[in-house]
Structures are given as structure tokens and as C-alpha cells.
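Data block below; observations after.
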Amino acid sequence: MTCRIKEDADSGLLSVVSIFFSVVHVPVVVTQIIKRARKRAPTHSNALQLLKPSSELRIFLCLHGLDNVPASINFMEISRGISDPGMVIYVAEIIELTEHISSIMESGEGVQSNTIKDKAVVEMREQITNLFQAYIDTDGDGITLKRALALSTINNMAQNICVLAEDLMIALIILPFHRNQRQDGKLDGGNPGFRHVNRKLLKNSPCSVGILVNRGFGSIGKISRSQPSVKVAAIFIGGRDDREALCYVGRVAWHQGVHVTVIRFLVDTSAESTRLAAYRVSLPEEEEMGLDDECFAQFYEQHIVGGRIAYLEKHLANASETFSTLRSFEGEYSLVIVGRKAGANSVLTKGMNDWQQCPELGPIGDVLSGPDFSKSVSVLIIQQHKLRGELDGLDEDFTIM
10 MTCRIKEDAD
20 SGLLSVVSIF
30 FSVVHVPVVV
40 TQIIKRARKR
50 APTHSNALQL
60 LKPSSELRIF
70 LCLHGLDNVP
80 ASINFMEISR
90 GISDPGMVIY
100 VAEIIELTEH
110 ISSIMESGEG
120 VQSNTIKDKA
130 VVEMREQITN
140 LFQAYIDTDG
150 DGITLKRALA
160 LSTINNMAQN
170 ICVLAEDLMI
180 ALIILPFHRN
190 QRQDGKLDGG
200 NPGFRHVNRK
210 LLKNSPCSVG
220 ILVNRGFGSI
230 GKISRSQPSV
240 KVAAIFIGGR
250 DDREALCYVG
260 RVAWHQGVHV
270 TVIRFLVDTS
280 AESTRLAAYR
290 VSLPEEEEMG
300 LDDECFAQFY
310 EQHIVGGRIA
320 YLEKHLANAS
330 ETFSTLRSFE
340 GEYSLVIVGR
350 KAGANSVLTK
360 GMNDWQQCPE
370 LGPIGDVLSG
380 PDFSKSVSVL
390 IIQQHKLRGE
400 LDGLDEDFTI
410 M
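Read left to right, the sequence shown gives residues 10 to 410 (the numbering used here).
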């Protein structure tokens with residue numbers, strides 16, 4: 010394996026990170042990764058909510074191919090926030106290391122020890138680089154673009170992205186959903202390999218993770234910088250993931266071309282169905298609700314009081330009312346931002362797991378991304394990084410066969 014960061018000699022703006030994994034030497038490489046990861050007990054949490062205002066936002070933006078570029082550029086645009094301190098974006102293709110690609114790779118010594126010779130991959134990367142660089146040249150103030158390539162077997166992709174993300178002090182990894190939108194607006198069957206990578210990254214990532222379900226977000230055209238042209242909604246029920254999503258929404262709110270509405274779902278304790286369900290709040294849930302209220306109060310003061318963000322409240326009794334309310338938003342927004350897991354108010358999503366198609370999206374994300382919802386609403390599902398002494402599932406997921 011060669012894992013390197015190579016600065017572009019001509020420009021400090023564009024750099025390249027390359028990850029190569031040799032099929033023959035994978036056991037040796039993974040052994041070193043395991044030892045390295047086990048020695049590290051993370052001393053900080055790479056989460057948006059804990060970023061200092063003076064810190065730049067560092068994002069690892071993953072692509073499966075050219076189809077992901079327009080939506081990814083629009084994601085970069087709405088994420089820019091305040092230009093100072095700005096953000097650093099690592100744009101990385103996730104490419105499966107096949108026998109064909111491995112057989113025609115050139116190996117050597119020095120910095121450029123591996124060279125991909127597959128013509129299709131080389132041409133795709135050149136096109137992607139040109140598209141992102143064109144955006145940076147015209148609209149990239151406050152954004153530092155760095156290019157990356159994750160080339161690995163599917164089974165080893167997530168582990169090595171985790172190590173790289175920790176090395177680069179990434180705060181947020183953005184992954185494309187494994188299913189793409191077809192011409193008729195519906196989502197295709199998807200790539201099971203990419204789904205496997207997404208699920209393992211959600212479990213083991215050293216930072217927060219977002220999954221972008223693209224249903225037209227890349228086709229809305231260039232986002233205006235002067236007047237609202239895109240409508241974005243954020244749903245807040247509660248829990249660490251919703252708080253992380255709310256923190257990201259705070260960045261989006263600074264964009265003059267985006268009209269943001271935050272919709273808070275609250276438990277209607279007076280409803281008959283809620284009383285019949287014997288709704289009770291435990292001590293840990295009370296603490297979680299306290300964190301929710303504290304976070305939301307601060308957000309309300311910063312963004313809603315001044316009119317930068319619109320605000321709605323929905324008092325609901327159960328998951329059925331939650332589902333109906335979500336359906337009522339159909340066609341209203343280009344993008345909906347949600348946390349992956351509900352917190353203390355999980356009574357509002359209780360039972361949704363029974364019909365989930367993609368549990369990795371969480372109950373709300375799964376509904377919004379499902380076939381019963383709008384074909385023109387994209388969804389960003391965010392999971393906050395949880396501070397821990399070791400990567401979850403390390404012994405299981407890093408097993409050498």
C-alpha cells in the first residue's frame with residue numbers, strides 16, 4: 010500500500026491524496042493499520058458541533074463517478090458558511106480495486122510509486138478534476154480544494170478511509186447513497202458494494218458522517234449568491250445526530266441563496282394516543298432532552314430570532330402522525346437535512362424500523378428517501394461522531410482472513 014499526500018508543485022490550492030492497496034500485500038498492510046489504530050485513543054471528537062468558530066471545516070467528499078459531481082458541487086456551495094476561516098474539501102473517488110486495474114498498474118519507487126493505467130479511470134478523474142477546478146476558479150472563495158483517490162477492495166475501503174480521515178483531521182465525511190436516480194425519477198437497485206462501505210463507515214468513522222441521497226439536487230443549476238433560489242428544510246426531533254445536523258444547518262443559513270426552514274417535531278403529551286402508550290421519560294432521556302433544549306435555544310437565538318431561518322413547530326403523538334407530516338412536505342423543498350437517529354423523543358419514530366428499507370439512513374431518512382416520497386427531494390442524513398477510546402467494531406471489522 011502507498012498512502013501519501015502530494016502537494017501540487019504549481020499551486021498550493023490543489024493537492025492530491027492517493028490510496029493504493031495491493032491485493033497481494035493486503036494482510037501485511039491491514040496488520041499495520043490495526044496496530045496503528047489500536048495505539049490511538051482519540052483525544053478529541055471530530056464533530057461539527059464541537060468545532061471552534063476559529064477552526065476551518067475539513068470535509069472528505071466522496072464520489073462514485075461523474076454523476077455525483079453536480080450535487081457535490083452544490084453541497085460545497087451551500088456549506089461554505091462564513092468565508093473566514095473557510096473550509097478544506099478533499100474530493101475523493103471511491104474506486105474498487107479489481108483484478109483488471111491491479112494487473113495494469115505500474116509500480117515504482119519514490120512519491121509516484123503507483124500509477125493507474127486504466128484509461129476509463131484516468132479520463133473520469135481528469136473530467137472530475139476539471140469540473141471542480143472550474144467551480145473553484147469562479148466561485149471558490151474561502152474554499153481550499155484537495156483531490157483524493159480511494160482505490161481499494163470493497164472489504165478494505167472503509168477501514169482505510171477511516172485512517173486517512175483521522176490523519177487529515179476530517180470533521181465530516183460525505184458519502185453518496187448507494188442507489189442512483191433513474192430517468193423516471195425512481196431510485197435504482199443500487200450497488201451493494203458501496204452500501205457495504207457506507208455501513209462500515211457509519212460504524213467505524215473517526216468523525217461525523219453524512220449520506221447524500223441525490224434526487225435532483227445537482228440539476229437545480231447554479232445557486233444564486235444574492236437572492237434565495239433553493240429551499241432547504243431541517244427536521245429536528247432530538248438526539249446527538251439531530252444536534253449535529255442542526256449545527257450544519259447553521260452554516261447553510263449564512264448562504265444568501267438558500268432559504269432554510271427548521272421544523273421541530275415535539276411530543277404532544279395531551280394526545281390520547283400518547284397517553285395510551287404510557288409515554289414516560291427516563292433520567293438519561295431527561296438529560297438528552299436537556300441537551301436538545303440547550304442546543305436549540307442557542308440555535309434559535311443565533312439564527313431564528315434575527316429572521317435568517319424560518320421556524321415551524323409540529324406537535325405529534327406518534328410515528329403515524331410523524332409519517333403523515335413528512336408526506337405533507339412533499340414538493341416543498343429541494344433538500345431536507347435530518348439526523349440519523351432520534352433521541353429522547355423516539356416515541357415519534359417508534360415502529361418505523363419495522364418497515365425500513367435502508368436502516369443506515371435512520372427512520373426519518375429512510376421515509377424521506379423511500380419510494381412513497383417525492384422524486385424531487387434530496388436528503389442529507391447526518392450522524393455525529395461519538396468520542397470513544399477505540400473504533401467501534403475494530404476487532405470484528407479488521408479481522409485478517
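Don't be surprised by glycine CBs; every beta carbon is placed ideally from N, CA and C.
Which residues share a DSSP beta bridge with residue i?
i: P185; result: L221
i: H109; result: Note: H109 sits in no beta bridge, so no partner.
i: V271; result: A243, Y320
i: E102; result: L72, L158
i: Q190; result: L196
i: V388; result: V222, V345
i: R67; result: V97
i: C216; result: N55
i: V276; result: L325
Output the distance between the C-alpha atoms of residue i and residue j, rounded to the nearest integer angstrom.
i: G247; j: E369; result: 18 Å
i: V100; j: G202; result: 20 Å
i: V97; j: I183; result: 13 Å
i: G117; j: I125; result: Legend: pLDDT at G117 = 48, less than 50; position of this residue unreliable, value from coordinates given subsequently. Going by the C-alpha atoms only, they are around 12 Å apart.
i: L138; j: Q265; result: It is Thr, not Leu, that sits at residue 138 in the sequence shown. Near 27 Å, if we compare the C-alpha coordinates of Q265 and T138.
i: G315; j: K395; result: 32 Å
i: R47; j: V218; result: Unreliable positioning characterises R47 in this predicted model, as indicated by a pLDDT of 47, which lies under 50. The coordinate reading is nonetheless provided below. Between R47 and V218, the C-alpha separation is close to 21 Å.
i: A129; j: I232; result: 31 Å
i: L145; j: G151; result: In the sequence on display, residue 145 carries Ile and not Leu. Taking the straight line joining both Cα atoms gives about 9 Å.
i: Q365; j: D375; result: 6 Å
i: Q311; j: L300; result: 17 Å
i: L389; j: A306; result: 23 Å
i: H34; j: M114; result: Any reading at H34 must be qualified, since the residue scores a pLDDT of 41, below 50, and its modelled position is unreliable; the value itself is stated next. Going by the C-alpha atoms only, they are around 15 Å apart.
i: Q142; j: F69; result: 16 Å
i: S355; j: V131; result: 47 Å
i: S64; j: Q58; result: 12 Å
i: E175; j: L158; result: 16 Å
i: E16; j: L321; result: Note that E16 has pLDDT 39, beneath the 50 cutoff, so the model's placement of it is unreliable and the number below is only indicative. Each residue's alpha carbon lies about 47 Å from the other.
i: G74; j: M133; result: 7 Å
i: D127; j: S333; result: 49 Å
i: S279; j: K359; result: 18 Å
i: L357; j: D363; result: 14 Å
i: D76; j: E295; result: 44 Å
i: R188; j: Y342; result: 20 Å
i: L377; j: D302; result: 25 Å
Can you tell me which of the three DSSP states residue i falls into?
i: C367; result: coil
i: E310; result: helix
i: K350; result: coil
i: Q58; result: helix
i: T52; result: Caution applies to T52, whose pLDDT of 46 falls short of 50 and renders its modelled position unreliable; the value that the coordinates give is listed next. T52 falls in the coil class under three-state DSSP.
i: S92; result: coil
i: S329; result: helix
i: I163; result: helix
i: L255; result: helix
i: T153; result: strand
i: A46; result: Residue placement at A46 cannot be trusted, given a pLDDT of 49 that sits under 50; what the coordinates show is reported in the next sentence. DSSP places A46 in helix when its eight states are reduced to three.
i: A174; result: helix
i: R134; result: helix
i: R249; result: helix
i: G379; result: coil
i: I179; result: coil
i: Q236; result: coil
i: H205; result: helix
i: K395; result: coil
i: I373; result: helix
i: G266; result: coil
i: L358; result: Note on residue identity: the sequence assigns Thr, not Leu, to residue 358. Reduced to three states, the DSSP call for T358 is coil.
i: E297; result: helix
Please confirm whether residue i and residue j have their CB atoms less than 8 Å apart.
i: F186; j: V222; result: yes
i: I103; j: C71; result: yes
i: A326; j: D277; result: yes
i: I272; j: I244; result: yes
i: A180; j: A80; result: no
i: S387; j: R224; result: yes
i: L255; j: C304; result: yes
i: V78; j: L154; result: no
i: H268; j: P237; result: yes
i: I170; j: L211; result: no
i: N5; j: G259; result: Residue 5 is absent from the structure shown; the chain starts at 10 and stops at 410.
i: F308; j: E339; result: no
i: K384; j: G194; result: yes
i: L344; j: V241; result: yes
i: R249; j: Q393; result: yes
i: I391; j: Y257; result: yes
Q | contact_flag[the segment 331-349, the segment 164-179] where n(CB pairs < 8 Å) is 3 or more | A | no
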